[in-house]
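Chains as they are written, first to last, in this note's numbering: chain A, 1 to 196; chain B, 1001 to 1194.
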């Protein structure tokens, strides 16, 4: 018989509780294996990115802001400045500002895009075959995925995937656009978390 | 990354749909008869990706039949129930109906049987509610069938089966993409009994 068999029941219970407490403490700090939560992505990030085919390295400046939206959703805003010959103070520079708002889907571990302008309006039914974009997001490991899917007028499709991956100092980004299964655009970049 | 805000297709589509819906002469017609029949796989190669399932040319078999104004297909789908689950075969039978858009066919859930455990209830074709989105596209002598399912964890399962008639039969390219992997199968089919 083991030594444990001689311990009173109360002692065994205390040992079990201690083991559970130690496990709970070890869990979240267990390193990269622990999956990220949505809140881990909240923040302001600045960095740069490069499209496959860009002749200049790091030809784009990017700003990303990820914030809560309502109780359990999130909003993401991103600004891209496409530079000219590595400069952003000459004619031809382009700046785009984009935003998206997501709320949790019912009974599913994903987020569905909603209209920020009408936060109290019931979600409109999506009809993908009428050209409505289907947009959703999910957290998987250290990555926040955002997807946009559209059935085009001629029956082909367009799929866009935005991945933001947590790093020690910020977010890495990967953007891909597929036209009817063909990768037509890919942008990769890295950012650092900054004070908002 | 200007792509996100490209909603240009949406409003024109609604307008075009509204105009065409009022015209019964448009949107009629199914597939060319040369597609109809039982097609059997003769060759199969894994062009990209890997599979834990031993796929054979028979996995490319397809039956295509006329059905009123549309057409009906029966084929084998390869899919995983969830990330990490093994690849498995499922028999799918689906009817497609012409839409207002030339060459575009919508899935007809009333006249189709599918493995519900794989695709959920295909009542409204909204992937964000767990239902599959299926449609087909005819371009000359090439028929593409598409399917998109979004699983409860937010991952997706997107497939694209492209079948093109040739003088000797049919070539096929199956692309199966998820958030984690890409599998491309290519092969050749001949008409059964032909």
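Glycine included, every Cβ here is placed at the ideal spot set by N, Cα and C. This structure is a prediction, so every number in the text was calculated from the model and none was measured.
Residue i at chain B interface by Cβ criterion, 8 Å
| i | result |
| --- | --- |
| residue 61 of chain A | no |
| residue 25 of chain A | Any reading at residue 25 of chain A needs caution, since the residue's pLDDT is 43, under 50, leaving its predicted position unreliable; the model's value is listed next. With 8 Å as the cut-off, residue 25 of chain A does not count as an interface residue toward chain B. |
| residue 109 of chain A | yes |
| residue 116 of chain A | no |
| residue 156 of chain A | yes |
| residue 57 of chain A | no |
| residue 140 of chain A | yes |
| residue 149 of chain A | yes |
| residue 128 of chain A | yes |
| residue 36 of chain A | no |
| residue 112 of chain A | yes |
| residue 134 of chain A | yes |
| residue 153 of chain A | yes |
Proximity test, Cβ basis, 8 Å: residue i and chain A
| i | result |
| --- | --- |
| residue 1172 of chain B | no |
| residue 1041 of chain B | no |
| residue 1106 of chain B | yes |
| residue 1131 of chain B | no |
| residue 1166 of chain B | no |
| residue 1175 of chain B | yes |
| residue 1046 of chain B | no |
| residue 1181 of chain B | no |
| residue 1109 of chain B | no |
| residue 1071 of chain B | no |
| residue 1128 of chain B | yes |
| residue 1103 of chain B | yes |
| residue 1153 of chain B | yes |
| residue 1116 of chain B | The predicted position of residue 1116 of chain B is uncertain, since its pLDDT is 41 and thus under 50; no value can be drawn from it. |
| residue 1137 of chain B | yes |
| residue 1156 of chain B | yes |
| residue 1145 of chain B | no |
| residue 1119 of chain B | Bear in mind that a pLDDT of 47 at residue 1119 of chain B, under 50, signals an unreliable position, so the number given afterwards is only what the model happens to contain. No, its Cβ sits nowhere closer than 8 Å to a Cβ of chain A. |
Residue i to residue j span [Cα, whole Å]
| i | j | result |
| --- | --- | --- |
| residue 49 of chain A | residue 1051 of chain B | 34 Å |
| residue 1056 of chain B | residue 1049 of chain B | 15 Å |
| residue 44 of chain A | residue 86 of chain A | 23 Å |
| residue 1191 of chain B | residue 1035 of chain B | 9 Å |
| residue 62 of chain A | residue 1160 of chain B | 33 Å |
| residue 195 of chain A | residue 170 of chain A | 12 Å |
| residue 91 of chain A | residue 164 of chain A | 30 Å |
| residue 113 of chain A | residue 1162 of chain B | 30 Å |
| residue 53 of chain A | residue 1134 of chain B | 34 Å |
| residue 190 of chain A | residue 57 of chain A | 13 Å |
| residue 3 of chain A | residue 35 of chain A | Per-residue confidence for residue 3 of chain A stands at a pLDDT of 43, beneath the threshold of 50, marking its modelled position as unreliable; the derived number appears in the next sentence. Using only the alpha carbons, I get a separation of about 38 Å. |
| residue 59 of chain A | residue 94 of chain A | 11 Å |
| residue 1095 of chain B | residue 1141 of chain B | 19 Å |
| residue 1177 of chain B | residue 47 of chain A | 30 Å |
| residue 72 of chain A | residue 103 of chain A | 7 Å |
| residue 1175 of chain B | residue 39 of chain A | 35 Å |
| residue 37 of chain A | residue 154 of chain A | 39 Å |
| residue 1107 of chain B | residue 148 of chain A | 21 Å |
Start-to-end residues for the beta strand (DSSP E) that takes in residue i
| i | result |
| --- | --- |
| residue 149 of chain A | 143-151 |
| residue 1041 of chain B | 1037-1048 |
| residue 188 of chain A | 182-194 |
| residue 1175 of chain B | 1170-1178 |
| residue 133 of chain A | That residue, residue 133 of chain A, is in no beta strand (DSSP E); it is neither H nor E in DSSP. |
| residue 1063 of chain B | 1062-1067 |
| residue 1165 of chain B | 1156-1165 |
| residue 166 of chain A | 157-166 |
| residue 1128 of chain B | Element bounds for residue 1128 of chain B: n/a, residue is neither H nor E. |
| residue 174 of chain A | 171-179 |
is_contact[residue i, chain D] using C-beta, thresh 8 Å
| i | result |
| --- | --- |
| residue 1096 of chain B | Included in the structure are the protein chains A and B, with no chain D among them. |
Residues that DSSP places opposite residue i in a beta bridge
| i | result |
| --- | --- |
| residue 1098 of chain B | B:1105 |
| residue 1077 of chain B | B:1090 |
| residue 1139 of chain B | B:1142 |
| residue 1187 of chain B | B:1044, B:1172 |
| residue 113 of chain A | A:102 |
| residue 1072 of chain B | B:1065, B:1095 |
| residue 1149 of chain B | B:1157 |
| residue 140 of chain A | A:143 |
| residue 1053 of chain B | Looking at the DSSP assignment, residue 1053 of chain B forms no beta bridge with any residue, so it has no partner. |
| residue 1031 of chain B | According to DSSP, which records beta bridges pairwise, residue 1031 of chain B is partnered with nothing at all. |
Contact test: residue i Cβ vs the ligand HEM heavy atom, cutoff 7 Å
| i | result |
| --- | --- |
| residue 183 of chain A | As presented, the structure is devoid of all ligands, the ligand HEM included, so that no description of it is given. |
**Request:** Just list the beta strand (DSSP E) runs in the segment 70-101 of chain A, keeping only unbroken ones of 3 residues or longer that don't cross its boundaries, in chain order.
**Result:** If we require 3 residues or more, the beta strand (DSSP E) runs fully inside the segment 70-101 of chain A come out as 73-82.
**Request:** Quick one: which unbroken beta strand (DSSP E) runs of 3-plus residues sit fully inside the segment 39-71 of chain A? Chain order, please.
**Result:** List check, beta strand (DSSP E) in window: 43-51, 60-69.
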